[in-house]
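To start, the structure under review is shown below, and the notes come after it.
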Amino acid sequence: MYIPFENLPGESRVWIYQSNRKFSEEEFSEIETDLKAFVEEWAAHGTSLEASFLLKYNRFIILAVNQEVQAATGCSIDSSVEFIQSLEKKYNVDLLDKMNVTFKLGEHIAHKPLIDFKKMVKDKSVSENTIVFNNLVNNIEEFNESWEVPAADSWHSRFF
Numbered sequence: 001m002y003i004p005f006e007n008l009p010g011e012s013r014v015w016i017y018q019s020n021r022k023f024s025e026e027e028f029s030e031i032e033t034d035l036k037a038f039v040e041e042w043a044a045h046g047t048s049l050e051a052s053f054l055l056k057y058n059r060f061i062i063l064a065v066n067q068e069v070q071a072a073t074g075c076s077i078d079s080s081v082e083f084i085q086s087l088e089k090k091y092n093v094d095l096l097d098k099m100n101v102t103f104k105l106g107e108h109i110a111h112k113p114l115i116d117f118k119k120m121v122k123d124k125s126v127s128e129n130t131i132v133f134n135n136l137v138n139n140i141e142e143f144n145e146s147w148e149v150p151a152a153d154s155w156h157s158r159f160f
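1 is the number of the first residue of the sequence shown in the UniProt record's numbering; add one for each residue after it.
Okay, here's the thing in structure tokens:
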């Protein structure tokens, strides 16, 4: 059951998928339609999930579930991953590779393999103040507080 993202409680679980490229406006509009249809039907053991999604920066897909109503289970999580994999195929993008880093360079959003990000740190092309997207946040509260943060305040800090 679709619920507007802002209406979900802060404890709601989130999963963040980052694309290796920016989606076009047309693609993002199609993805939004597909996500809404998926979330409307998303269920755990036959019980509808109170869920939502956000699309950010034409690059990120954020899924959320209110675990207080019905927890996402292994099967329901698997179905969401299958849905994300279908988007990967449809748009020829990578959404599941966690070994990539997305960060801001001024107003531009950059996406690099982790090894290239480490090299940028060494070359001082990025700093501890570079805004990174911490896709390891677990719930909406953490998403709101700690998703876009200086590298020094995230797991990326280990590279400095």
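All residues carry an ideal CB built from backbone N, CA and C; glycine is no exception.
Is it buried or exposed, residue i, if we count other Cβ atoms within 10 angstroms and call 16 or more buried?
i      : result
Leu35  : buried
Ile115 : exposed
Ser157 : exposed
Arg59  : buried
Gln85  : exposed
Leu87  : buried
Met99  : exposed
Ala72  : buried
Ala151 : buried
Val81  : exposed
Residue i and residue j: beta carbons closer than 8 angstroms?
i      : j      : result
Ala64  : Leu136 : no
Ile62  : Val101 : no
Ser79  : Trp42  : yes
Asn139 : Gly10  : yes
Phe103 : Ile131 : yes
Ser154 : Asn129 : no
Met1   : Glu32  : no
Val93  : Asn20  : yes
Tyr91  : Phe23  : yes
Tyr17  : Leu95  : yes
Quick one: what's residue i bridged to in DSSP?
i      : result
Leu63  : Trp15, Phe53
Tyr91  : Its beta-bridge partners do not exist; DSSP assigns none.
His111 : Thr102
Ala44  : Thr47
Pairs of beta-carbons, one from the stretch 99-118 and one from the stretch 32-52, closer than 8 angstroms: are there three or more? Short answer: they don't touch.
Whole runs of the alpha helix (DSSP H) within the stretch 118-149, excluding any shorter than 4 residues: List check, alpha helix (DSSP H) in window: 140-146.
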